[in-house]
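**Q**
Listed below in structure tokens is the structure:
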């Protein structure tokens, strides 16, 4: 396989963009990345998106964004793996460059969720789970995550309030991110007071439904040398799945898709968890952040909460997590989040992360998770 | 790039499968292809589908099908380019093998359209066009194609009834295809009597809304040699786009996406239109069949109808088209059709096409078109 590099990044703020159509958000992020990479037009566009059909009546999204961004006639397709669609778009773009079919491509993630009444968005998001055997019975996506959190609390005898460590950390890191949705800090008291959504998941455990778009320019080694002296190499890239339904798993808390995608990415990169300087976690719910740290091998099963509580996940900690606010505080425009993670990792590796800069970082992991951890995409990036 | 081969095919009948869920159709076709290839489990699954979210409430379709097909834990993602989603899934699978990331993968196309009331399906299908600037004004996808057909009739001074040549041809070829939806022949009289849908498009100009799934197994040269003595090589693969809206084009009838994808595929394969033994056309409407022949370079602009009327597109003609019934008579389960085309081309190249076998064929073209020809995927296959 050819080596693949990242030479450009772009993003819109994550927010409730009621005044801006889906295509405009997508084209703005894509064009910002293209400008950052100092190229004219990519050869292909891979658009990560989950719900454009249900929330905007628009399919054929690759064509729509390529057209509106001014990428006239190029190859373009939409990639969907539920909440991991952004990570999967980066993966598809990686394969296109690695194959030799293209030298310069854009991976874009874009989502617009706030135009629908929230009941409509909630119903559509349940399509990330098993529509026939889970969602059809009325369970929401949050309720399914609540089952995992409840089991975790009972299995490992932890306190619900200990999950606050992930939330406080994410909001802290978002303060210096101008594109983050929630830049105010939260306290343990805020968390304890936070209203329940689906017990034990409270509002502050949950990432916000939001609109936004993020993009990266991927290219071959030759083009990377010509375009940038700060290109970031994709050292590892892997996507794995698990059963779609939570009830079909032998061990609910093992998160096999996360585990396998991390192991494959580590193996390709020739590194292990101890070599990762920081990680952009899929903290859509705080339980998913904890399970991701465990399944990826950073801590043993059941050890994520003590690890977080001991200060390891802060910017100066042993393993800074969600360094620009994560899905929790930057916001979670579903199919875009996986690309935001890569954009933010590149900012860190370039030394452009402002007050939340991780000192001396060289190797990053980004991990995008979909459904009830039924699909996961892991990338390892090196400066 | 590594060479890529097809070593297995599978399909379900195209029909109104009210009794069979989306995942079952998809898994059946995928497993049939895997069995045909004599492999245990592919390393990745690329699912072409347009509307699973809107028609079945199910996103995360790659995971769902991988799980239900028994492909435990593999890489899986959904690929969407509207009506060309099947072709794009083959393209994505091709890139995955060409890159070296995987040696054996499945490209699946699956769609379930008949569970919704037809108004719902019609509205969802309009998402293949420009949702904000075309569909929002109430125009249906058929009406937009009717605008192209009307312009064609006026520009080239042809008779509406001459389009019947494509319809009669497709129905003729479907007779020997046990998976085709309409296996009865139609006559010029039937066509002339056919009720209007959106003038000048009549019912017999239109492919039927349907359910179905088709799959192909793609692999590397090494694996192809080990698995099969009848493997088919992908000689050319290309995807191109055009403006999403019909109104933004300089020349409405030029179909730049079809033109460009055909030219790129010819160039990669090192062949030209004269070398193609038969073509599986995207005859969703008879006007699209005509425009595809012209934009692909088989005939000059405006010459498709005389070409068809002179008997060239029949099995014994100069360029057999839609040899197993095409979208028109085999049926058009939207995101699956592009994979059905590849399955049918492989049947021909293997000599397994029964009464509609093209004698001595060696090189085939399949072409999957999405939106108002705003996206097109062309593959050239060699025996």
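Protein chains in written order, with the working numbering: chain E, 1 to 383; chain L, 1 to 383. Don't be surprised by glycine CBs; every beta carbon is placed ideally from N, CA and C. From a predicted model like this one, the values you see are computed outputs, not experimental measurements.
1. Could you give the distance in angstroms between the alpha-carbon of residue 239/E and the alpha-carbon of residue 94/E?
2. Whose CA, out of 294/E, 280/E, 383/E and 328/E, lies closest to the CA of residue 257/E?
3. What residues in its chain sit with their C-beta under 6 Å from that of residue 325/E, if we drop five residues either side in the sequence?
4. Of the residues that make up the region 45-56 of chain E, which ones have a beta carbon closer than 7 Å to any beta carbon in chain L?
5. Between the region 13-41 of chain E and chain L, which residues of the former have CB atoms less than 8 Å from a CB of the latter, in chain order?
6. Assuming residue 230/L is part of the alpha helix (DSSP H), what are its boundary residues?
7. Mind checking which residues open and close the beta strand (DSSP E) that includes residue 75/L?
8. Excluding five sequence neighbours on each side, which residues of the same chain lie with their C-beta closer than 7 Å to the C-beta of residue 1/L?
9. Enumerate in chain order the residues of its own chain whose CB-to-CB distance from residue 52/L is below 7 Å, with the five nearest sequence positions on each side excluded.
10. Could you tell me the boundaries of the alpha helix (DSSP H) in which residue 246/E lies?
11. In the DSSP assignment, find the alpha helix (DSSP H) that holds residue 166/E and state where it starts and stops.
12. Are residue 403/E and residue 101/E closer than 9 Å when you measure CB to CB?
13. CB-CB under 8 Å to residue 312/E, same chain, minus the five flanking residues each way: which ones, in chain order?
14. When the Cβ atoms of the region 343-358 of chain E are set against those of the region 187-197 of chain L, are three or more pairs found closer than 8 Å?
15. Opposite residue 5/E in the DSSP bridges: which residues?
16. Report the neighbours of residue 292/L on chain E: residues whose CB is nearer than 9 Å to its CB, in chain order.
17. Which residue's Cα is closest to the Cα of residue 183/L: 145/L, 136/L, 248/L and 208/L?
18. Which of the residues in the region 77-91 of chain L, read from start to end, lie with their CB under 7 Å from any CB of chain E?
19. Tell me where the alpha helix (DSSP H) around residue 68/L begins and ends.
20. Which residue marks the beginning of the beta strand (DSSP E) containing residue 368/E, and which one marks its end?
21. Identify the continuous beta strand (DSSP E) that holds residue 109/E and give its terminal residues.
22. To the nearest whole angstrom, what separates the beta carbons of residue 358/L and residue 348/L, a pair I think is in contact under 8 Å?
23. Give the interface partners of residue 58/L over in chain E, defined as CB-CB distance under 7 Å, in chain order.
24. Can you give me, in chain order, the residues of the region 336-351 of chain L that have a beta carbon less than 9 Å from any beta carbon in chain E?
25. Exposed or buried, residue 394/L, counting other C-beta atoms within 10 Å across all chains shown (16 or more means buried)?
26. Between the Cα of residue 284/E and those of 10/E, 39/E and 146/E, spot the shortest distance and give me the residue it belongs to.
27. Could one say the Cβ of residue 239/E lies closer than 9 Å to chain L's Cβ atoms, at least one of them?
28. Closer than 7 Å by beta-carbon distance: list the chain E residues that pair up with residue 148/L, in chain order.
29. Output needed for residue 213/E: all residues of its chain with C-beta closer than 6 Å, excluding positions within five of it in sequence on either side, in chain order.
30. Considering Cα atoms alone, identify which of 42/L, 162/L and 85/L is closest to residue 200/L.
31. Would you mind telling me which residues of chain L sit closer than 7 Å to residue 66/E, beta carbon to beta carbon, in chain order?
32. For residue 281/L, report the span of its alpha helix (DSSP H) as first-last.
33. Do residue 279/L and residue 148/L come within 9 Å of each other at the CB atom, strictly closer than that value?
34. If you count every other CB in all the chains shown that lies within 10 Å of the CB of residue 137/E, and 16 or more means buried, which is it?
35. Listing by chain order, which chain E residues have their CB less than 9 Å from the CB of residue 369/L?
36. Taking CB distances under 9 Å as the criterion, tell me whether residue 63/L reaches chain E.
**A** This is what the structure gives:
1. Residue 239/E and residue 94/E: Cα-Cα distance of roughly 12 Å.
2. When 294/E, 280/E, 383/E and 328/E are compared, the shortest CA-CA separation from residue 257/E is found for 294/E.
3. Cβ neighbours of residue 325/E beyond the five flanking positions: 170, 173, 174, 177 and 180.
4. Among the residues of the region 45-56 of chain E, those with a Cβ less than 7 Å away from any Cβ of chain L are 50, 51, 53, 54 and 56, in the order of the chain.
5. Residues of the region 13-41 of chain E with a C-beta atom less than 8 Å from some C-beta of chain L are 21 and 23, listed in chain order.
6. Judged by DSSP secondary structure, residue 230/L falls outside any alpha helix (DSSP H); it is assigned neither H nor E.
7. Here the beta strand (DSSP E) through residue 75/L covers 75-80.
8. Hits under 7 Å: 98.
9. Once the five neighbours on either side are set aside, the close Cβ partners of residue 52/L are 22, 58, 59 and 61.
10. Under the DSSP assignment, residue 246/E falls outside any alpha helix (DSSP H); it carries neither an H nor an E label.
11. Unbroken alpha helix (DSSP H) run through residue 166/E: 164-174.
12. Nothing about residue 403/E can be reported from this structure: the residues present for chain E run from 1 to 383 only.
13. Result list for residue 312/E: 318 and 319, in chain order.
14. By the Cβ rule, the region 343-358 of chain E does not count as touching the region 187-197 of chain L, because fewer than three pairs are nearer than 8 Å.
15. 219/E and 233/E, per the DSSP bridge assignment.
16. Within chain E, no residue has its beta carbon less than 9 Å from that of residue 292/L; the closest one is some 17 Å off.
17. If we check each option's Cα against that of residue 183/L, 208/L comes out closest.
18. Residues 77, 78, 79, 80, 81, 82 and 88.
19. 61-69 is the span of the alpha helix (DSSP H), which, as asked, contains residue 68/L.
20. Annotation: the continuous beta strand (DSSP E) that includes residue 368/E extends over 363-370.
21. Start and end: 104-111.
22. Taking 8 Å as the upper bound for CB-CB distance, residue 358/L and residue 348/L are in contact here, some 5 Å apart.
23. Near residue 58/L (Cβ distances below 7 Å), the residues of chain E are 127 and 131.
24. Here the close residues number zero.
25. The shown model of chain L, from 1 to 383, leaves out residue 394/L, and the question about it has no answer.
26. Nearest option by C-alpha distance: 146/E.
27. Between residue 239/E and chain L, the shortest Cβ-Cβ separation is below 9 Å.
28. Within 7 Å Cβ-Cβ: nothing; residue 148/L doesn't reach chain E, min ~16 Å.
29. Spatial neighbours of residue 213/E in its own chain (CB-CB distance under 6 Å, excluding positions within 5 residues in sequence) are listed in chain order as 12, 25, 26, 29, 110 and 336.
30. Cα-wise, what sits closest to residue 200/L is 162/L.
31. Those are 241, listed as they occur along chain L.
32. Per DSSP, residue 281/L is not a residue of any alpha helix (DSSP H), being assigned neither H nor E.
33. Not in contact: residue 148/L and residue 279/L (Cβ atoms no closer than 9 Å).
34. If you draw a 10 Å sphere on the C-beta of residue 137/E, you find fewer than 16 other C-beta atoms in it, and that means exposed.
35. Correct list: empty, because the minimum Cβ distance to chain E is about 11 Å.
36. For residue 63/L, the answer is yes, since a Cβ of chain E falls inside 9 Å of its Cβ.
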